[in-house]
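Asker: 2 is the number of the first residue of the sequence shown in the working numbering; add one for each residue after it. Let me give you the structure first, and then I'll get to my questions.
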Amino acid sequence: MSTGKSRLLMCAAAAALSGGLMAASTAQAQPTALPAVEQSSGHTTAQAASGNYTYLEFKKGSNPQNSRLYFVYVQGANPDHPHIHTLGSWRAGSGNGSKNTCASNVGWLPNGNYAIKKYYPHHNGGPHGVNGIAWYIGDHRCHSGHWRTDLFIHSEMLPSGKAGNSEPYRWDGNSDYKSNGCIKLKPSDIRALRNLQASYPNPHKLVVH
């Protein structure tokens with residue numbers, strides 16, 4: 002966010018405050034094929050039984066505040082020849098501008114595969130935490146072995162999903178893509194991601210590269 006404004010410094014405090022946890026764009030990237038993963042019981046058993054699954058992919062751009070998050074659907078009835086579809090693509094940020102993946106609360110996320118541990122439709126992280134629609138992706142080591150902890154995919158909103166009256170729970174523009182390392186979407190885009198998830202198997206994996 003712009004200088005002088007209260008930035009959403011929420012990643013490190015969010016998990017403790019919440020009990021330890023928490024269409025498609027014209028700009029398309031070639032998605033990364035992943036092995037099939039267990040599907041959520043909240044979606045149709047037919048899709049899971051057929052080998053269909055989804056995952057999220059965060060593709061870093063030259064600007065940490067102008068990267069992309071993709072929702073990818075894999076039809077895996079034939080695992081040797083899966084059909085891969087990118088169903089959603091949104092601008093996303095990670096970090097406050099630094100590309101140092103080992104800098105806690107500063108740099109963008111380290112590359113690698115993350116387990117999506119929990120989806121929250123109304124996360125309540127308290128007055129300085131992650132609120133609203135959120136996915137908890139846990140902790141991850143950077144290349145030096147340092148742990149980046151309490152990571153989320155989130156936006157700026159109240160637990161109800163409505164906009165707050167002021168920062169850090171009101172989206173004011175592109176400067177709000179800054180975060181403490183979490184992946185951050187604008188409110189309308191995180192709602193679009195939530196709506197896609199409601200129609201497909203829940204994603205259980207995030208790929209960052």
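The C-beta atom is built at its ideal place from N, Cα and C for all residues, glycine as well.
Which word fits residue 148, buried or exposed, when buried means at least 16 other C-beta atoms lie within 10 angstroms of its C-beta?
Answerer: Classification of residue 148: exposed, given that the 10 Å Cβ count is below 16.
Asker: Does any residue of chain D bring its CB to less than 7 Å from the CB of residue 187?
Answerer: Reference to chain D is not applicable here, since this structure consists of a single protein chain.
Asker: Out of 171, 68, 54, state which residue places its alpha-carbon closest to the alpha-carbon of residue 210.
Answerer: Selected option, being the one with the closest Cα: 68.
Asker: Please give me, in chain order, every unbroken run of the alpha helix (DSSP H) with length at least 4 that falls completely inside the region 45-113.
Answerer: Segments of the alpha helix (DSSP H) lying fully in the region 45-113: 46-50.
Asker: Can you grab the Cα-Cα spacing for the pair residue 61 / residue 154, in whole Å?
Answerer: The straight-line gap from Cα to Cα measures roughly 15 Å.
Asker: Distance, Cα to Cα, residue 57 vs residue 179?
Answerer: Their Cα atoms are separated by approximately 20 Å.
Asker: Quick check: what's the CA-CA separation for residue 161 versus residue 133?
Answerer: The alpha-carbon atoms of residue 161 and residue 133 are separated by roughly 6 Å.
Asker: What's the C-alpha gap between residue 177 and residue 100?
Answerer: Approximately 17 Å between the Cα atoms of the pair.
Asker: Whose CA, out of 200, 196, 206, 174, lies closest to the CA of residue 93?
Answerer: When each option's Cα is compared against that of residue 93, the closest is 174.
Asker: Grab the span of the beta strand (DSSP E) containing residue 135 for me, first residue to last.
Answerer: Start and end: 132-142.
Asker: If you draw a straight line from the C-alpha of residue 211 to the C-alpha of residue 114, how long is it?
Answerer: Outside the displayed span of the chain (2 to 210) sits residue 211, for which this structure offers no information.
Asker: Beta-carbon within less than 7 Å of residue 108's beta-carbon, same chain only, minus the 5 sequence neighbours each way: which residues are those?
Answerer: Hits under 7 Å: 96, 99, 100, 101, 102, 182.
Asker: Near residue 204, what residues of its chain come up, given a Cβ to Cβ distance below 6 Å and the 5 sequence neighbours on each side ignored?
Answerer: Excluding sequence neighbours, residue 204 sits near 55, 56, 57, 117.
Asker: Taking DSSP as the reference, what is the three-state secondary structure of residue 188?
Answerer: Here residue 188 sits in helix by DSSP.
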